[in-house]
Each structure stands twice: as C-alpha cells, then as structure tokens.
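**Student:** Heads up, the sequence shown is in UniProt numbering, so the first residue is 1 and it goes up one at a time. My questions all concern the structure below.
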Amino acid sequence: MPFYDLRCKKCSEEFNIMAKMSDRESNTIKCPACGSNELETVFKSVNIVHSKKAEAGDCPHAHTCGGCCNH
Ligand SMILES: [Zn+2]
C-alpha cells in the first residue's frame, strides 16, 4: 500500500497515512484530528528542491562547471 502525505482542508492538520489507492479515491481516509475527509495531497519539499536544481544559473557547482550542471 502506498503512503499518502495529506493535509486536512478543515483544520490544516498534516499527516502521513498508509492506505489503499481505492481508499484515497473514494475519500474514505479521514483526518486523525477532526475526522473530516476533505483532504488534499501535500507535495513534499523534496520535489521542489529537485525541480529547482534543474533551473539554469542555480547550479550549486557553478564554480567548477560554469553553471552548466553537467559536472
Ligand atoms: Zn482535520
């Protein structure tokens, strides 16, 4: 079963839960804090960091590779 990082739209509680895909699709997952099933998926900061790395001119090794990211 996959893990889901979810945020409650009602009380803003963020939690990580392991659930069946069918549970997520049918909204049977509930907020552990208030019991609401109005949840949205949280996109982890890891993904943001990864996409940011691909930006030109934002290479952390610019001093050795000239910013080309092909080091
Ligand atoms: Zn809640």
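Yeah, the Cβ is synthetic: ideal placement off N, Cα and C, and Gly gets one too.
Is there at least one non-hydrogen atom of ligand 1 closer than 7 Å to the beta-carbon of Ser-36?
**Tutor:** Residue 36 sits at position 36 when you count from the first residue of the sequence shown. Indeed, a heavy atom of ligand 1 lies less than 7 Å from the Cβ.
**Student:** Cβ of Ala-19 versus every heavy atom of ligand 1: is any distance shorter than 7 Å?
**Tutor:** Within the sequence shown, numbered from 1, the residue matching residue 19 stands at position 19. The answer is no for Ala-19.
**Student:** Can you grab the Cα-Cα spacing for the pair Gly-12 / Cys-31, in whole Å?
**Tutor:** Here residue 12 corresponds to residue number 12 of the sequence shown, with the count starting at 1. Here residue 31 corresponds to residue number 31 of the sequence shown, with the count starting at 1. In the sequence as presented, Gly is not what sits at residue 12; that position holds Ser. Distance between the alpha carbons of Ser-12 and Cys-31: 9 Å.
**Student:** Any heavy atom of ligand 1 inside 7 Å of the beta-carbon of Glu-14?
**Tutor:** Here residue 14 is taken as the residue at index 14 of the sequence shown, counted from 1. Glu-14 Cβ: outside cutoff for every heavy atom of ligand 1.
**Student:** I'd like the span of the alpha helix (DSSP H) that includes Met-21, first residue to last.
**Tutor:** Here residue 21 corresponds to residue number 21 of the sequence shown, with the count starting at 1. Per DSSP, Met-21 belongs to the alpha helix (DSSP H) from 21-25.
**Student:** In angstroms, rounded to a whole number, what distance separates the CA positions of Cys-8 and Ser-26?
**Tutor:** In the sequence shown, counting from the first residue as 1, residue 8 sits at position 8. In the sequence shown, counting from the first residue as 1, residue 26 sits at position 26. Rounded to whole angstroms, Cys-8 to Ser-26 spans 16 Å at the Cα level.
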